[in-house]
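Residue numbering for the sequence shown follows the working numbering, starting at 9 and increasing by one per position. Just so it is clear, CB atoms sit at the ideal spot from N, CA and C, and this is done for glycine as well. Bear in mind the structure is a predicted one, so any value in this text is a computation, not a measurement. Take a look at the structure set out below.
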Amino acid sequence: MKKILVVVSMVLLMVSCKEEVVAKPEKLIDKKIMTNILYDMALLEAIKYQYPYVVDSNQVNTPKYIYKKYKIDSLQFAQNNMYYASHFSQYKDIFTEVQNRIKTQDSIVNKRIFPNRKKDSIRENTKKAKKQEKAEALPAVRVNEDSINKSIKKTRHKLRAIE
9 MKKILVVVSM
19 VLLMVSCKEE
29 VVAKPEKLID
39 KKIMTNILYD
49 MALLEAIKYQ
59 YPYVVDSNQV
69 NTPKYIYKKY
79 KIDSLQFAQN
89 NMYYASHFSQ
99 YKDIFTEVQN
109 RIKTQDSIVN
119 KRIFPNRKKD
129 SIRENTKKAK
139 KQEKAEALPA
149 VRVNEDSINK
159 SIKKTRHKLR
169 AIE
């Protein structure tokens, strides 16, 4: 009897853990579209903080622009964002995709803006600076130990003669 009770309680626990914390929204946004929304939001926020005059002069309101572009409202976005956030693996996949797209676009833009830039220009500049410092430095003068000892002996001899 105890074994049956333990098995039944284990089954109930497993079934109860499967319950969804956040209900699926009525208008569920597709995962790809949600990725696009979050990507656009990340770009607009980056522009807003890097070049605030661009956003101010064009009077762009990031959330309103996103809602209009994707034909959604703030409640729909909030519900979908909460739904995907409650499903960690999907949300992580979405953000990984957003991050990869940003890195890809960043490298494309950098190649177009700086076509002749070397991959690791800082390291190259550091090596050149060190070589230049060595070339400009005065050559080290080697002193013969015997000449130092001779000068010390002469100084001692002069001091003894004065006493």
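### Message
Out of Q140, K161, T43, which one is the CA nearest neighbour of K100?
### Response
T43
### Message
Using the Cβ count rule (16 or more neighbours within 10 Å means buried), how would you classify V222?
### Response
Past the edges of the chain, shown from 9 to 171, lies residue 222, and the structure says nothing about it.
### Task
Look at the alpha carbon of K111 and the alpha carbon of M49, and state the distance between them as a whole number of angstroms.
Answer to the nearest angstrom: the Cα atoms are 15 Å apart.
### Query
Got a sec? Which residues, its chain only, sit under 8 Å from Y92 by beta carbon, not counting five neighbours each side?
K39, M42, Q98, Y99, I102
### Query
Do Q67 and K35 have their C-beta atoms within less than 9 Å of each other?
no
### Task
For the alpha helix (DSSP H) containing V55, list its first residue and its last residue.
The question names Val, but residue 55 is Ile in the sequence shown. Unbroken alpha helix (DSSP H) run through I55: 39–58.
### Sequence-distant residues of its chain with Cβ nearer than 6 Å to L52 (five each side left out)
T70
### Task
Find the nearest neighbour of H95 within the set R168, S115, A31, judged by alpha-carbon distance.
A31
### Test: I74 CB closer than 9 Å to a CB of chain C
Annotation note: the requested chain C is absent from the structure, which comprises a single protein chain.
### Task
Helix, strand or coil for N89, going by three-state DSSP, please let me know.
DSSP places N89 in helix when its eight states are reduced to three.
### Query
In terms of residues, what are the limits of the alpha helix (DSSP H) holding E105?
96–121
### Query
Would the beta-carbon of Y47 fall within 9 Å of that of R109?
yes
### Query
Is A137 helix, strand or coil when you go by DSSP?
helix
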